[in-house]
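Quick mapping for you: the protein sequence lines, in order, are chains A and B.
Numbers 1 to 341, taken from UniProt numbering, label the letters of the first sequence in order.
Numbers 1 to 341, taken from UniProt numbering, label the letters of the second sequence in order.
Using N, Cα and C, we set each Cβ at its ideal position, and we do this for glycine too.
Report on the following structure.
Number of protein chains: 2
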Amino acid sequence: MKKRPSLKDIAKKLNVSVTTVSFVLNGKGKEKKISDELIKKVIDYTDSINYRPNKVAQSLRTGKTNILVFMVEDISNYFFSKIARIMEDIAYDKGYKVLFCSNENEDERSKELIQLFSERQVDGFIISPSPGIQNEIESLIENKIPVVLFDRYFEDLDVSHVIIDNEDASSKATKHLIDNDFSRIGFITIESSQNQMTNREKGYVDAMKSAGLEPLILKIPFEKIHKEETKLEIRKFIIEGQELDSVFFSTNYLTRTALEVIKETDQTLLEKLGVVTFDDNELFRINTPTITAVSQPLQELGESLMNTMLNLLNSKAENLKPTKSVLKASLIVRNSSINKN
Amino acid sequence: MKKRPSLKDIAKKLNVSVTTVSFVLNGKGKEKKISDELIKKVIDYTDSINYRPNKVAQSLRTGKTNILVFMVEDISNYFFSKIARIMEDIAYDKGYKVLFCSNENEDERSKELIQLFSERQVDGFIISPSPGIQNEIESLIENKIPVVLFDRYFEDLDVSHVIIDNEDASSKATKHLIDNDFSRIGFITIESSQNQMTNREKGYVDAMKSAGLEPLILKIPFEKIHKEETKLEIRKFIIEGQELDSVFFSTNYLTRTALEVIKETDQTLLEKLGVVTFDDNELFRINTPTITAVSQPLQELGESLMNTMLNLLNSKAENLKPTKSVLKASLIVRNSSINKN
DNA sequence: CTGAAAGCGCTAACAC
DNA sequence: GTGTTAGCGCTTTCAG
């Protein structure tokens, strides 16, 4: 193995000092008044051997890695992966690279990942936090590592975040069903104390109550989402239990599970049952019937997240006040929720 | 900002040398015959301040990062993300962390990513390569950086790989349609010279010919997959053109696009049209009708990939012969492909 | 048993 | 204009 050449090797080869090479390579040649001739000589040589500086050494020296971490529940989820892509493009222009990872909404995994990347000195974290990592977030902040929370946040922690107005979105979705003459409207959600979920529930409950309707709620524990018993529960709730005429799902994976259940049970059910889901998805455009969905503004979310992060990064050490952004979601009306009479 | 404590800080605090602390922290206390008492003192203190070594410094010193890169076309694709997860678990047990990234099957992006991670001294690459990065792969190999290719490979490059027998899988799928009395069987694929695709085509063509049937092929350029004109082309091919009675798709994103097209055009078409797709997906279980799919053995693929990589990693410098694994895929028969008469 | 010190590759203050 | 050198935080050889 021909060891990768180092600055020193280059300096020796060219009979100049490492400083000179370093300055030239970092574009400080002019500034340091190094002769054009020498600059050209260095550039030509490094180009010719395709020299690549060792970033590990650079990072050790400068304390910066130019790496940002985007940690979410599940990066293969359309919602998260789309935003990831948007952020990546913005970050790239500013010289940052974004690393993606999934915490499965588990505290253990979140902590491990934060640990792992902290040790590796990443420059900042954008996190959709699992419920119990408040301390870890706090400790990052204390160490002056930029953190932006996303999708959900901790109410008693003064940290920058970017979220949508879940209550408003949920309320709009519920009212839409009511306007389409549904009245036995069920709400299927995840059992969770995280505020993105509680706010969705609140939006639903308030909309129902103010229309004089009875809230009908089924809560699934997160761990059981992919269990067979969950399917049974959903089936029971929709089909046998409450004589529902429609359902509003608080997340798209619940909707997917429910669609499977319905498919296995009684395909024709969807001809009568009203359906609205949180979070849009490719599948919902293709399904029979197409599914009405609350759609989050992906582009704005991504931009807002990255801008907040870049601000934090640039305001080095100075105590910038946390930025808190709340964006609005919109309802994409499709066939599943229009009046079925 | 309270600077993170370094080894030196700890040594000073404890009135011992950095060497001692380093040995203890690396579990070499016993080996180096450091007194139990001292070991305990060090451990207790580092635990109490929750000391975390700076991995950047460690990496610079040791030349190892314990990071592996898994680069695929699109990590949000079910197929790739599932395998990623399987590998991650195995790697984790061996002290490696896996970083995921998507190259969108673009050479430019692939090169950038390889560049980026090489500079950061990652220990190995598992890559589903875009068509034109043969040189970059070669150069990694020359620098003795472990590489395992996945899903596709370069026929004239002697590099470890893990793939499935695409020709066989494709042939089985085609024969399945033939056995179910379909005869005007179209094949919709990506225009590509990469061997995972050419082999799928070959499997189809051979199966058709040996049944005395005429191959009917539509090729979509990769860049146009999400363009509107692609939908038009697919529609024309299936509906107007060749009087097909069935279609076999070479990738699941083509199938998704086609399902959308069909949905927009004539929902009842699927009652008559036979459909088989490469690569299983959640959607295909939910769709009406459920879609027959070629399913790759995810668990085995993941295990095989990681084992190959770990072997490479452990056979440091010694010239290990590349390992080439070819696994078999299976056909999951659902409603879309059973005899429609 | 423990400590001193070299050095991984790079940056940048300082010297000349 | 260019070179010398300290040091980022860590591992590990060698000395005692």
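Span separating the alpha-carbon of residue i from that of residue j
| i | j | result |
| --- | --- | --- |
| K340 of chain A | T290 of chain B | 25 Å |
| H161 of chain A | R152 of chain A | 8 Å |
| G212 of chain B | M71 of chain B | 41 Å |
| L270 of chain B | V247 of chain B | 11 Å |
| N54 of chain A | S336 of chain B | 54 Å |
| D279 of chain A | E142 of chain B | 47 Å |
| R334 of chain B | N287 of chain B | 11 Å |
| D123 of chain A | S59 of chain B | 17 Å |
| K8 of chain B | E119 of chain A | 17 Å |
| L218 of chain B | T189 of chain B | 6 Å |
| R61 of chain A | Q121 of chain B | 16 Å |
| I10 of chain A | V16 of chain A | 8 Å |
| V148 of chain A | I127 of chain A | 6 Å |
| K175 of chain B | S315 of chain B | 43 Å |
| G29 of chain A | T308 of chain A | 33 Å |
| K13 of chain A | K64 of chain B | 27 Å |
| N77 of chain B | F182 of chain B | 30 Å |
| D47 of chain B | R4 of chain B | 14 Å |
| G302 of chain A | L38 of chain B | 51 Å |
| K32 of chain B | V18 of chain B | 14 Å |
| I338 of chain B | S210 of chain B | 21 Å |
| N50 of chain A | P221 of chain A | 54 Å |
Boundaries (first-last residue) of the beta strand (DSSP E) holding residue i
| i | result |
| --- | --- |
| K97 of chain B | 97-102 |
| T292 of chain B | 292-295 |
| F117 of chain B | Looking at the DSSP string, F117 of chain B is not in any beta strand (DSSP E); the run it does join, the alpha helix (DSSP H), is 107-119. |
| E191 of chain B | 185-191 |
| S325 of chain A | 324-327 |
| T257 of chain B | Note, T257 of chain B: premise wrong, no beta strand (DSSP E); alpha helix (DSSP H) at 252-265. |
| L157 of chain B | Taken as a continuous stretch (DSSP letters only), L157 of chain B belongs to no beta strand (DSSP E), as it is neither H nor E. |
| I217 of chain B | 216-221 |
| I10 of chain B | Per DSSP, I10 of chain B belongs to no beta strand (DSSP E); it is in the alpha helix (DSSP H), 7-14. |
Exposure label - residue i; buried when at least 16 CB within 10 Å
| i | result |
| --- | --- |
| M1 of chain B | Its pLDDT being 43, under 50, M1 of chain B is placed unreliably in this model, and the value from its coordinates should be taken loosely. Classification of M1 of chain B: exposed, given that the 10 Å Cβ count is below 16. |
| V326 of chain B | exposed |
| E73 of chain A | buried |
| P129 of chain B | buried |
| E155 of chain B | exposed |
| Q196 of chain B | buried |
| G27 of chain A | exposed |
| N199 of chain A | buried |
| N281 of chain A | buried |
| N166 of chain B | buried |
| E214 of chain A | exposed |
Neighbourhood of residue i by C-beta, 6 Å cutoff - its chain only, sequence neighbours within 5 removed
| i | result |
| --- | --- |
| L312 of chain A | P146 |
| L216 of chain B | G186, Q242 |
| K144 of chain B | none |
| S330 of chain A | S295 |
| S110 of chain A | N103, S130, I133 |
Span of the alpha helix (DSSP H), counted from its first residue to its last, around residue i
| i | result |
| --- | --- |
| N18 of chain A | Here residue 18 of chain A turns out to be Val, not Asn, going by the sequence shown. Per DSSP, V18 of chain A belongs to the alpha helix (DSSP H) from 18-25. |
| E31 of chain B | First-last for E31 of chain B: undefined, no H or E at that position. |
| K94 of chain B | Neither: K94 of chain B is in no alpha helix (DSSP H) and is coded neither H nor E. |
| residue 394 of chain A | In this structure chain A extends from 1 to 341, so residue 394 of chain A is not present and cannot be described. |
| T230 of chain A | 228-235 |
| G203 of chain B | 195-210 |
| F284 of chain B | 282-286 |
| T62 of chain A | 55-62 |
Chain-order list of residues whose beta-carbon lies under 7 Å from that of residue i (same chain, five-residue window excluded)
| i | result |
| --- | --- |
| E300 of chain A | L327 |
| N66 of chain A | G95, Y96, K97, D123 |
| L157 of chain A | Q134, I137, E138 |
| K324 of chain A | S160, H161 |
| F100 of chain A | F70, I75, A84 |
Proximal residues to residue i (C-beta, below 8 Å), its chain only, five neighbours per side dropped
| i | result |
| --- | --- |
| I34 of chain B | T20, F23, V24 |
| L116 of chain A | none |
| K94 of chain B | L310 |
| S225 of chain B | Note on residue identity: the sequence assigns Ile, not Ser, to residue 225 of chain B. Hits under 8 Å: I190, Y253, L254, T257. |
| L140 of chain A | I114, S118, F125, V147 |
Okay, do the region 104-113 of chain A and the region 24-43 of chain B touch, 3+ Cβ pairs below 8 Å being the bar? no
Would you call the region 223-240 of chain B in contact with the region 259-275 of chain B, where contact means no fewer than 3 C-beta pairs closer than 8 Å? yes
Count the C-beta pairs between the region 194-206 of chain B and the region 167-175 of chain B that are closer than 8 Å, then say yes if the count reaches three, no if not. yes
Cβ pair count under 8 Å reaching 3, the region 82-99 of chain B against the region 127-138 of chain B: no
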